[in-house]
Structure formats: structure tokens, C-alpha cells
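K.L.:
Dropping the structure in here first, questions after.
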Amino acid sequence: MAAALTSKKINQGKILLELNGIKKYYPIRGGVLQRVQGNVKAVENVSLQLYEGESLGVVGESGCGKSTLGKAILGLEELTDGKITFKDTEIQSLKRREKLKFVKEMQMIFQDPFASLNPRQRIGHALEEVFTMHTNMSSSEKKKAVIDLLEEVGLKEEHFERYPHEFSGGQRQRIGIARAIALNPSFIICDEAVSALDVSVQAQVLKLLKTIQEKYQLSYLFISHDLGVVRYFCDRVLVMYLGHTVELGSVEDLFNQPLHPYTQALLSAIPRPTVQKNRKRIRLQGDLPNPADPPSGCPFHTRCPIAQDICKQDKPAWKEHESNHFAACHFAGQSII
Amino acid sequence: MGETLLEVKNIVTEFRTADGQLPAVRDVSFSLKKGETLCIVGESGCGKSITSLSVIGLLPSNGKIASGEVRYQGEPIHQYSPEQMRKIRGNKISMIFQEPMTALNPVLTIGFQLREPLMLHLKLSKNEATKKGIELLKQVGIPYPEKRMNQYPHELSGGMRQRVMIAIALSCNPGLLIADEPTTALDVTIQAQILDLINDLKHDFHMGVIMVTHDMGVVAEVADRVMVMYAGKKVEEGTVEEIFNHPKHPYTIGLLNSVPNVDDPDFVLEAIPGSLPSLHAKIIGCRFQDRCQFASEKCRSQEPPEFHISNTHTASCWLESEGDSNGSSLNF
Numbered sequence: 010m011a012a013a014l015t016s017k018k019i020n021q022g023k024i025l026l027e028l029n030g031i032k033k034y035y036p037i038r039g040g041v042l043q044r045v046q047g048n049v050k051a052v053e054n055v056s057l058q059l060y061e062g063e064s065l066g067v068v069g070e071s072g073c074g075k076s077t078l079g080k081a082i083l084g085l086e087e088l089t090d091g092k093i094t095f096k097d098t099e100i101q102s103l104k105r106r107e108k109l110k111f112v113k114e115m116q117m118i119f120q121d122p123f124a125s126l127n128p129r130q131r132i133g134h135a136l137e138e139v140f141t142m143h144t145n146m147s148s149s150e151k152k153k154a155v156i157d158l159l160e161e162v163g164l165k166e167e168h169f170e171r172y173p174h175e176f177s178g179g180q181r182q183r184i185g186i187a188r189a190i191a192l193n194p195s196f197i198i199c200d201e202a203v204s205a206l207d208v209s210v211q212a213q214v215l216k217l218l219k220t221i222q223e224k225y226q227l228s229y230l231f232i233s234h235d236l237g238v239v240r241y242f243c244d245r246v247l248v249m250y251l252g253h254t255v256e257l258g259s260v261e262d263l264f265n266q267p268l269h270p271y272t273q274a275l276l277s278a279i280p281r282p283t284v285q286k287n288r289k290r291i292r293l294q295g296d297l298p299n300p301a302d303p304p305s306g307c308p309f310h311t312r313c314p315i316a317q318d319i320c321k322q323d324k325p326a327w328k329e330h331e332s333n334h335f336a337a338c339h340f341a342g343q344s345i346i
Numbered sequence: 114m115g116e117t118l119l120e121v122k123n124i125v126t127e128f129r130t131a132d133g134q135l136p137a138v139r140d141v142s143f144s145l146k147k148g149e150t151l152c153i154v155g156e157s158g159c160g161k162s163i164t165s166l167s168v169i170g171l172l173p174s175n176g177k178i179a180s181g182e183v184r185y186q187g188e189p190i191h192q193y194s195p196e197q198m199r200k201i202r203g204n205k206i207s208m209i210f211q212e213p214m215t216a217l218n219p220v221l222t223i224g225f226q227l228r229e230p231l232m233l234h235l236k237l238s239k240n241e242a243t244k245k246g247i248e249l250l251k252q253v254g255i256p257y258p259e260k261r262m263n264q265y266p267h268e269l270s271g272g273m274r275q276r277v278m279i280a281i282a283l284s285c286n287p288g289l290l291i292a293d294e295p296t297t298a299l300d301v302t303i304q305a306q307i308l309d310l311i312n313d314l315k316h317d318f319h320m321g322v323i324m325v326t327h328d329m330g331v332v333a334e335v336a337d338r339v340m341v342m343y344a345g346k347k348v349e350e351g352t353v354e355e356i357f358n359h360p361k362h363p364y365t366i367g368l369l370n371s372v373p374n375v376d377d378p379d380f381v382l383e384a385i386p387g388s389l390p391s392l393h394a395k396i397i398g399c400r401f402q403d404r405c406q407f408a409s410e411k412c413r414s415q416e417p418p419e420f421h422i423s424n425t426h427t428a429s430c431w432l433e434s435e436g437d438s439n440g441s442s443l444n445f
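Going line by line, the protein sequences match chains A and B. Residue numbers for the first sequence follow this note's numbering, so the first one is 10 and each next one is one higher. Residue numbers for the second sequence follow this note's numbering, so the first one is 114 and each next one is one higher.
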């Protein structure tokens, strides 16, 4: 137990990335003149800090805005509002050219590595492109760098000349990882990076991600819907619901004493890989509400088993209930089981 | 419980490909009793879906059952003509697929698709079928069922669509329900709802359920018995307690160790090295040998037979032959 605690201790070191009131709305257009009739609020007022060398998990149901958050940080989606500070520099207002310097430091690993590789380009050449874009290496230097990369992620030199279809899912994800670490980044966003893989291969890739993290002192934003993987992999966890942050805390705190009823329900809903009959479970009723027409007050009140009148009217504030354990709920800490 | 519903004996399912006959399922046998849930687990490409498709007779046109028997309540349904199969399918044996969006017809209303099996198999009139359809939607927990009958699949959420699929599958009170990864495309909260629903309906209708999945968590939740497949072969079978608490085959152990447990902060993740061999690969001996840390000379030369650990628990691994405390091997 002691060993696990020290290994998962929150590294409250230097802040690498800071988000301040991030908002991303997608306009809904309609009518003859295609006027904006409303907004889908994909990410609503997210603020958090990411420390150097830590893994922050982001969990939530599909449509809760976790992927949009990742894309917004990388600048793949334009922000509606908010501030992103990376290494003490506000990056959302930088010019394209200045931004390039930071882009190198922030990378992303996608869910479907096959979709992100050109099927008609050899893997070696696809990886060389990274160096062509960002460095002045000669072609022999590039080839050597790519082969080093392939070996780093557990592939072999012979894979250089192969095409994407010749690789299995796990190998393709390794290529995605090789591409992401090519330029020595300090921050990588993993968007459901292991979700499409079989469990045995998933475990291999998770181990690889951990090894690389230790070697390069990387920070991860680990977007996933699999709470088992998040518990194994991350130091802290952020829970999102309908674009809102509902809870943030260390893995221990969040999994052992979840404050928000949604987190409690989410944890209770996971099928456990152990046989135990008659486990007490909370079943949430209904589906996620439509993000274009979110409920008033607390976004979760329509499905919350302990919702009161106040939840329908007032939006709960984002508060630090215990040290480093945040939640947005009027009745935070109340058990719903 | 007790009465045997389905019996599959030594089936071999082959695909005709450019490289010759390709066996995807190699000599698999299992049986299912009424009111029982059997989970088939394994990695993608291990033949678990093909096994279930062989049972219901929905193999792709280049695939066929090359040998073996599939008996449903004693009837040899593998010999049935396509017309005979069509009468059974959706009636006595139903299937739920992974992706409800691709399994529902996007240009027909929910009502039309629900009425179809009822009018076809149960010979109900349109009015009766509508009434029964609304009842079914209520049963699977869909709010405003009257309204849903006139809606199209795209108007429903993923969880709702899966519920509609279940309603259609259950419309004729089937004796056997085959669910191929029914919750893989869904979120955990919705997944929990659907698993509960299948479990409740199983009890209500006393159905046999075959659930194909790769999620060990789902297996632990719903299964009575578990069959583990690897590269087209059954490697281990047992009750859910036997498989999770006393797994015998190194592959089963590996699978269980690669799933991070949410409740265990000290969990040590152990990956199985390598990946599944291709179907073309000619392997002498055990098919798992290249990824197995216990592989010996014997594993590379001889294929392990099925060893019985208990009445309900079998494993195909040479480790079980070495005088296990209660390992009474039949073939040795």
C-alpha cells in the first residue's frame, strides 16, 4: 500500500499548463438566413492546472466534452472564451509562427491510429515528415532518428519500409506514440488512446506509455471512458458532465471518497472483473440531456437521485471541499447509495 | 434450469478465401441450459463472433460449417435449409448486435421494424402487433412508447436504440438469445442499464443467453459459465467462479491480469506479450505457445487435449496434465 501511495502521490511541482475559464460553443444555425439560433455548449467554463510529470485523467460519458477539451488545448478547436497558459506563456493569442514553438511541445495520440496514418505511405516516411517539418536534419539523419524512435516504442528497423495495413492495432498505436514523442514534447494528450485495443494489447501500450513518461518526464492528459485504466494510469482525475467539470481530485480521493453523486454513480456502474454477487449498485435513470438545451441549475439534476429544489435553480459552485479535491455540487460528499 | 437448450458439438467453421480454406473456428463444443448465461470471451479475431454466427446460421456467404453439429432442443439446426432457418431466427433464436445503428434500418420507423417479426412469426394483425410492440417497448424501459413507434432510429440515442434492438429480439419470446458485444458501443451508465435489463428479461422469460464479449467486467457481472477462446479454439471453460477465482490456462490468467481493477489501488498490470497468430499460420502444438511463459517442448510438438479439472471446468493446457491436485485428465 505504501509503495502505491508514493508512486501515485500528486506531484505538486511546477505548473506546466493552466486553463482558465475555457469555453467552447458550437453555434446552431437555422432558418432561411442561417442565423445563429443557439449554442451547443461543449465545454463550459473549465479551469484547472496540470503539473509537470503528472497524468491527469479526464472521464465522462460520450458527449460530455472531454475530447473537445483536449482539442481546444492543442488549438485544433478555436476557443470561444478562456485562457490557456503553457510554460508561463499565454498561447491562445499567439501568432501562428510563434505558436509553432509550443506546438512541438504538445502532442496528441488519437483513438484510431489507422485513421491517422496515410495508407499509401510507408511508416518510416510518415514519421520522417515530423522531422522535415520541424528540424533541418539531413535525410540520413532523419532515417536514423526514425529507426531510433521505432526501437523506442518496441518496433524494429524492418518496420520502416512497411505500410500501415501490415501492422496490427497495437503496433499502429505504437507508431502513433512514436510520432507523438518524436520532437521531445513535454505534454501529450491521449484521446482514448487504448480504447480500441484488445485488453492484452491495451496493457502493453499502457506500460509503454508509462515507461516513456518516466524517461522523458512527460505530462499526460489522459482522456478515457474506462475508469479501471484511469485508476491504474493516472495521478489525478477530472470528471466531466455535459461540458461542466463536476469533480477533480487525486486518484485515491476520487475513487475512495467520491464527492459528487455523478462520480459515485459512474464508479458504481463499472462492471468489476471480480465475481461478487449482490453488489450494491446505483443505477442512473435516463440518458445524457441534450447539450443544446441543457437543464437549468445543476446540469446533473435531471438524473441525480438526491436532487433538491435548489439544484434546479442554482448552479453549484466549483469548490475545494478537501485539500486538492474539488467538486461542483450543493450536497457534495453526501452518499447516494 | 437443467434442461439442455443448445448443444454444439465439434463445430469447425471454414471460410473460402483466395488462400484456400481458412478455419476460423476449430473443433469447438459447448452446451447451454435453459435460464443460463454463457459468456464467450477472447481477443478480437479469436473466433468468438463466428462461433455465435454459426449457431444462428448467419455466416457470411464464403463461410460454412465444415463439420460438427448444432442442436437446438435436440433438433439438428445446422442441417436446416435457409427457409427453415428463417422461421427459427427471430422466433426461437434471436440475436442482438453490437452496433444498433447499423442493425436497424434507418428509413423504416421503429414501429415497422418491431411489428415485422410479430406479424411474420406470430401471425398477428397489424393492430395487434402495434399493441404488442408498445408493450415490448415499455418492457425494455423506453419512455413514451406510443410516440417512439412512429419515430426513426436516428431520433433515438445509442442506449435507446439498443433497447429497441432488444425489444425486437425478444418480440417472439425466444428460447435462446445471442448477444454479440451488446454494450461495447455504450457508456458505462447505459451499459449497466442494458446488462440489468438483459438479466431481468432472462429471469422473466427463462431464456438461455449466449453473450459474446471481450470485457472481463461484463463477464463477471452477467455470466453463469464462461468459455475462453483463443485463435479459433476453446482453451478453457468453467463456471464464472472457477474462471475468475481459479483460472488454469495461462491465457485466461493473462487476460484477467491485463484488466485494471477499479477497486484495487495496488493493481499490477501484466501484459501478455505478442499478439494473436494469423489464421493462416500453421502451428504445430499449442496455439498459445509463442505468447506463453510456461511453454515447453511438449507444447511445441503436441496439441494439448481438454483436461477436466472439475465436472464443470476444463482447460486445454499441458500444465494441467502434470498431476494437479485434482487434475484427473481423461485423455491421459
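Think of the CB as a built atom: it goes at the ideal place given N, C-alpha and C, for glycine as much as any other residue. Since we're looking at a predicted model, the values are computed, not measured.
(1) Identify whether residue 415/B lies in helix, strand or coil by the three-state DSSP scheme.
(2) Short of 8 Å Cβ to Cβ, which residues in the region 233 to 255 of chain B face chain A?
(3) Looking at the unbroken alpha helix (DSSP H) that takes in residue 111/A, where does it start and where does it end?
(4) Taking the alpha-carbon of residue 278/B as reference, which of 391/B, 245/B, 266/B has the nearest alpha-carbon?
(5) Taking all protein chains shown into account, do 16 or more other C-beta atoms lie within 10 angstroms of the C-beta of residue 9/A, making it buried, or fewer, making it exposed?
(6) Mind checking the region 355 to 373 of chain B against chain C and listing, in chain order, the residues whose C-beta falls within less than 7 Å of any C-beta there?
(7) CA-CA distance, residue 298/B and residue 326/B?
(8) Within its chain, find whatever has a CB closer than 6 Å to the CB of residue 190/B; leave out the 5 residues flanking it on each side and keep chain order.
(9) On the three-state DSSP scale, how would you describe residue 325/B?
(10) Which same chain residues end up closer than 6 Å to residue 66/A when comparing Cβ atoms and leaving out the 5 residues on each side of it in sequence?
(11) Is the separation between the beta-carbon of residue 30/A and that of residue 74/A shorter than 9 Å?
(12) Between the alpha carbons of residue 211/B and residue 152/A, how many angstroms are there, rounded?
(13) Starting from residue 334/A, follow its DSSP beta bridges and name the residues at the other end.
(14) Would you list the residues sitting across from residue 182/B in a DSSP beta bridge?
(15) Are the CB atoms of residue 228/B and residue 243/B nearer to each other than 9 Å?
(16) Go through its chain and collect everything with a Cβ distance to residue 98/A's Cβ below 8 Å, but skip five positions before and after it.
(17) What are the partner residues of residue 152/B, as DSSP defines its beta bridges?
(18) Could you name each continuous beta strand (DSSP E) segment of 3 residues or more that falls completely within the region 32 to 91 of chain A, going from the start of the chain to the end?
(19) Would you call the region 309 to 325 of chain A and the region 261 to 278 of chain A in contact, with 3 or more CB pairs under 8 Å?
(20) Can you find at least 3 beta carbon pairs, one from the region 383 to 400 of chain B and one from the region 414 to 432 of chain B, that sit closer than 8 Å?
(21) What do you reckon, are the CB atoms on residue 120/A and residue 196/A nearer than 9 Å?
(22) Output the distance between the C-alpha atoms of residue 226/B and residue 335/B, rounded to the nearest integer angstrom.
(23) Looking at the C-beta of residue 406/B, does it have a partner C-beta in chain A at a distance below 9 Å?
(24) Evaluate residue 142/A with the Cβ neighbour count: other Cβ atoms within 10 Å of its Cβ, from every protein chain shown; 16 or more gives buried, anything less gives exposed.
(25) Cβ closer than 8 Å: which chain B residues qualify as neighbours of residue 237/A?
(26) Tell me the rounded alpha-carbon separation between residue 266/A and residue 342/A.
(27) Can you check whether the C-beta of residue 135/B is within less than 9 Å of a C-beta belonging to chain A?
(28) So who's on the other strand from residue 115/A, going by DSSP bridges?
(29) Under 9 Å, Cβ to Cβ, is there at least one residue of chain A near residue 207/B?
(30) Under 7 Å between beta-carbons, which chain A residues line up against residue 302/B? List them in chain order, please.
(31) Within the 9 Å Cβ cut-off, does residue 428/B reach chain A?
(32) For residue 437/B, which of helix, strand or coil comes out of DSSP?
(33) Using a Cβ cut-off of 9 Å (strictly closer), state whether residue 345/B contacts chain A.
(34) What is the DSSP secondary structure of residue 144/A, reduced to helix, strand or coil?
(35) How do the region 323 to 330 of chain A and the region 122 to 131 of chain B stand: do at least 3 beta-carbon pairs fall below 8 Å, yes or no?
(36) Examine chain A for any beta-carbon lying closer than 9 Å to the beta-carbon of residue 306/B, and answer yes or no.
P.N.:
Concretely, from the data shown:
(1) Three-state result, residue 415/B: coil.
(2) Against chain A - using a Cβ distance shorter than 8 Å - the region 233 to 255 of chain B contributes no residues.
(3) Per DSSP, the continuous alpha helix (DSSP H) segment holding residue 111/A begins and ends at 105 to 112.
(4) Of 391/B, 245/B, 266/B, the residue nearest in Cα terms is 266/B.
(5) Past the edges of chain A, shown from 10 to 346, lies residue 9/A, and the structure says nothing about it.
(6) The structure shown has no chain C; the protein chains it does contain are A and B.
(7) Spanning the two alpha carbons is a distance of roughly 12 Å.
(8) Hits under 6 Å: 183.
(9) The three-state reading of DSSP puts residue 325/B in strand, counting E and B together.
(10) Counting only Cβ-Cβ distances below 6 Å, and skipping sequence neighbours, we find 231, 239, 243, 246.
(11) Annotated as distal: residue 30/A and residue 74/A, with beta-carbon spacing of 9 Å or more.
(12) A direct Cα-Cα distance of roughly 42 Å separates residue 211/B from residue 152/A.
(13) Answer is 331/A, bridged to residue 334/A.
(14) Paired residue(s): 122/B.
(15) Their beta carbons are under 9 Å apart, which means residue 228/B touches residue 243/B by this criterion.
(16) Cβ-Cβ distances below 8 Å link residue 98/A to 111 in the same chain, with the five nearest sequence neighbours on each side left out; the list follows chain order.
(17) Beta-bridge pairing links residue 152/B to 324/B, 339/B.
(18) Listed in chain order, the complete beta strand (DSSP E) runs (minimum 3 residues) inside the region 32 to 91 of chain A are 44 to 60, 64 to 68.
(19) Verdict: yes, contact present.
(20) With three or more CB-CB distances shorter than 8 Å, the region 383 to 400 of chain B counts as touching the region 414 to 432 of chain B.
(21) Using a Cβ distance threshold of 9 Å, residue 120/A and residue 196/A do not count as a contacting pair.
(22) When rounded, the distance between both Cα atoms is 28 Å.
(23) Cβ-Cβ to chain A under 9 Å: no for residue 406/B.
(24) Residue 142/A should be labelled exposed.
(25) Going along chain B in sequence order, the residues near residue 237/A (Cβ under 8 Å) are 330, 372, 373, 374, 375.
(26) Between the C-alpha atoms of residue 266/A and residue 342/A there is a straight-line separation of about 8 Å.
(27) Taking 9 Å as the CB threshold, residue 135/B stays off the interface with chain A.
(28) In the DSSP assignment, residue 115/A is bridged to 196/A.
(29) No, residue 207/B does not count as interfacial toward chain A.
(30) Within 7 Å of the CB of residue 302/B, the CB atoms of chain A belong to 70, 274, 275, 278, 293, in sequence order along the chain.
(31) Not an interface residue.
(32) With a pLDDT of 47 at residue 437/B, under the threshold of 50, the modelled position of that residue is not reliable, and no figure is offered here.
(33) The beta-carbon of residue 345/B is placed no less than 9 Å from the nearest beta-carbon of chain A.
(34) Coil, per DSSP.
(35) Under the Cβ criterion (8 Å, minimum of three pairs), the region 323 to 330 of chain A does not count as touching the region 122 to 131 of chain B.
(36) Closer than 9 Å: yes.
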